[in-house]
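Those protein sequence lines, which keep their order, are chains G and E.
For the first sequence, the working numbering begins at 64 and goes up steadily by one.
For the second sequence, the working numbering begins at 843 and goes up steadily by one.
Positions of the beta carbon are idealized from the N, C-alpha and C atoms, including for glycine.
Since the model is a prediction, treat every value here as computed from it, not as a measurement.
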Amino acid sequence: MTADVGAQMRKGVVEYCVLGLLAREPMYGWQLAEALTRADLIASIGTLYPLLGRLRESEAVTTFDVPSESGPARKYYRLTDAGTARLAQFRAQWTPFARVVTGLVGEERS
Amino acid sequence: MTSTEFARQSKDFLARLDAAMQNVPHGIATEIRGGIAEELEGLDAAATAARIAQLGDPAVIAREAQAATHDSDAPALVVAESKRSRTDTKGFSIVAALTLSFGGIIVPAIGWVVGVVLVSASSLWRTWEKVVAIVVPFVAVATVIIFGIGAWFPAAPEANATDAGGAFATPAANNPLVPTAYDFVWTGIFGLGVLLIPASGLWLLWRLRRR
């Protein structure tokens, strides 16, 4: 049950975490996968690309190729204006939401 | 382990990934494969092994991709499913490449233009691939024509100088055995339509493999 709650929460926020990462700088798929896996938000790169596909379809992110000296061109993802607006909307709601939930469920006493 | 062995290891991993992703929607599978391939290529031996270990089992990657794609609880998925375009399909891209290759032969000029529009609309090729397929045949022919004419015609007066009369009484342009600019241009256009443009479309088809 606890694992399910964690999975549901991750599923709800991971899209905005991607937008947050891309707000800092354009990143390629592997970079995003590493950052999200390290944060335990996705289990593998297999989860990332369907998410990136959805973000691209909804025009929150766009892609561009950067030539690489060591291999093929890398596909970078960057935030669009629509993505920036969506992230701003999430930020505005997240902090009060988290405060309300914390206030209701309380914090575990050590 | 040699670099060749690591290249093989990388290739094997991608092959196992392709096999595992057979039930993953085509566009997503292409993105995953492309993202992993661009990361693995150009790495040294140790880094390749580390990346492959980090990626884990291809079957798990495929399973998660499938789950993430079909997860109806994800709110954005509705957008993705409803907006999935016909141009994302491999069938559309094959038709586009074949139209680019042979459309101009069936309906001169217009068929090729239709092919360009279809290829441009497909999402299975990268921008640089589309640009190469559309532009390179014309650049190649233009180069051949310009250099061909430039290289040939300075020699014409010398040919005339050896003429029996010792004068330019019989211009090389009038000799049917000497190609004229007209010949270069028409040979170039023929080569473009019958060889280079079909080849560019077939190259796009080849680039589609495993996408």
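Taking the beta strand (DSSP E) that residue i falls in, what are its first and last residues?
i	result
G:L142	137-142
E:T872	Note, E:T872: premise wrong, no beta strand (DSSP E); alpha helix (DSSP H) at 868-882.
G:V124	124-129
Compare the C-alpha of residue i against each of the options and name the closest.
i	options	result
E:V949	E:T890, E:G1043, E:K972, E:G1035	E:G1035
E:A909	G:E132, G:I108, G:Q94, G:D128	G:I108
E:I1039	E:R928, E:D1025, E:T941, E:Y1024	E:T941
E:A849	E:I878, E:I870, E:A887	E:A887
G:L150	G:Y91, G:A70, G:L95, G:V124	G:V124
E:L1055	E:I894, E:G992, E:P867, E:V866	Outside the displayed span of chain E (843 to 1053) sits residue 1055 of chain E, for which this structure offers no information.
G:T100	G:S121, G:E120, G:V77	G:V77
E:G1030	E:L1050, E:P979, E:L1044	E:P979
E:G990	E:D1025, E:K972, E:A892	E:D1025
E:V959	E:I987, E:S935, E:A982	E:S935
G:R117	E:I870, E:I947, E:Q896	E:I870
E:I865	E:E906, E:W967, E:A982, E:F1032	What sits at residue 865 of chain E in the sequence shown is Asn, not Ile. It is E:E906.
E:G946	E:L1037, E:L1047, E:A982, E:V1027	E:L1037
G:G83	G:P135, G:V163, G:E171, G:W157	G:W157
G:A43	E:A862, E:L897, E:A889	Residue 43 of chain G is absent from the model: chain G starts at 64 and stops at 173.
E:V902	G:P135, G:T110, G:Q71, G:G69	G:T110
G:F160	G:G75, G:E97, G:K138	G:G75
E:T931	E:T911, E:P867, E:R1049, E:V973	E:P867
E:I987	E:W1028, E:V977, E:V973	E:W1028
G:A136	E:T1022, E:A861, E:L882, E:G953	E:L882
E:A862	E:P900, E:R1051, E:T911	E:P900
G:G69	G:T126, G:E88, G:A102	G:A102
E:G1050	E:V937, E:V977, E:T911, E:H912	The sequence shown places Leu at residue 1050 of chain E, not Gly. Selected option, being the one with the closest Cα: E:V937.
G:P89	G:K138, G:G169, G:Y79	G:K138
G:R119	G:E171, G:D144, G:E97	G:D144
G:Q152	G:Y79, G:M72, G:Q71, G:R73	G:Y79
E:A992	E:V977, E:V973, E:V981, E:T1022	A small fix is needed here, since residue 992 of chain E is Gly in this sequence, not Ala. Nearest of E:V977, E:V973, E:V981, E:T1022 to E:G992, Cα basis: E:T1022.
Under 8 Å between beta-carbons, which chain G residues line up against residue i? List them in chain order, please.
i	result
E:I870	Y112, P113, G116
E:N897	The sequence given here has Leu at residue 897 of chain E, not Asn. Under the 8 Å cutoff, chain G gives S107, I108.
E:I903	S107, I108, G109
E:A907	G109, T110, Y112, P113
E:G945	By Cβ distance, chain G contributes nothing, its closest Cβ being about 27 Å from E:G945, past 8 Å.
E:G933	Under the 8 Å cutoff, chain G gives no residues; its nearest Cβ is about 19 Å from E:G933.
E:G992	Per Cβ cutoff of 8 Å: no residues; E:G992 is ~32 Å from chain G at best.
Inspect the beta-carbon positions of residue i and residue j and report whether they are closer than 9 Å.
i	j	result
G:V132	E:G884	The sequence given here places Glu at residue 132 of chain G; Val does not occur at that position. Cβ distance < 9 Å, so G:E132 and E:G884 count as in contact.
E:G1043	E:A963	no
G:Y140	G:L95	yes
E:A904	E:L966	no
E:W1045	E:A975	yes
G:G92	G:E122	no
E:A879	E:S943	no
G:A86	G:L142	yes
E:V983	E:G933	no
G:V164	G:L114	no
E:E971	G:Y112	no
G:D67	E:T969	no
E:Q1055	E:A891	This structure leaves residue 1055 of chain E out entirely; chain E is present only between 843 and 1053.
Just to confirm the assignment, what range does the alpha helix (DSSP H) spanning residue i have?
i	result
E:V955	952-963
E:W834	Outside the shown range of chain E, which is 843 to 1053, sits residue 834 of chain E, and nothing can be said about it.
G:E120	108-120
E:A892	887-897
E:V902	900-912
G:E97	92-101
E:L942	932-948
Name the chain E residues that come within less than 7 Å of residue i, Cβ to Cβ?
i	result
G:D128	R968, T969, W970
For a contact meaning CB atoms closer than 7 Å, what does residue i contact in chain G?
i	result
E:I874	I108, G109, Y112
E:T911	P113
E:G1035	Near E:G1035 there are no residues of chain G at all, since even the closest Cβ is about 30 Å away, more than 7 Å.
E:G1043	Correct list: empty, because the minimum Cβ distance to chain G is about 21 Å.
So which residues of chain E does residue i contact, with C-beta pairs closer than 9 Å?
i	result
G:A136	E880, R968, W970
Starting from the beta carbon of residue i, find every residue of chain G whose beta carbon is closer than 9 Å, and list them in chain order.
i	result
E:G1030	Chain G residues near E:G1030: none, gap ~30 Å exceeds 9 Å.
So is residue i in contact with chain B if we call contact Cβ pairs under 9 Å?
i	result
E:F1032	In the displayed structure, chain B is absent; the protein chains listed are G and E.
Is the closest heavy atom of the ligand ADP to the C-beta of residue i under 8 Å?
i	result
E:L966	In terms of ligand content, the structure shown is empty, and the ligand ADP therefore cannot be addressed.
Can you give me, in chain order, the residues of the stretch 954-966 of chain E that have a beta carbon less than 7 Å from any beta carbon in chain G? none
Closer than 7 Å, Cβ to any Cβ of chain E: which residues of the stretch 72-102 of chain G, in chain order? The residues in question are K74, E78, G92, W93.
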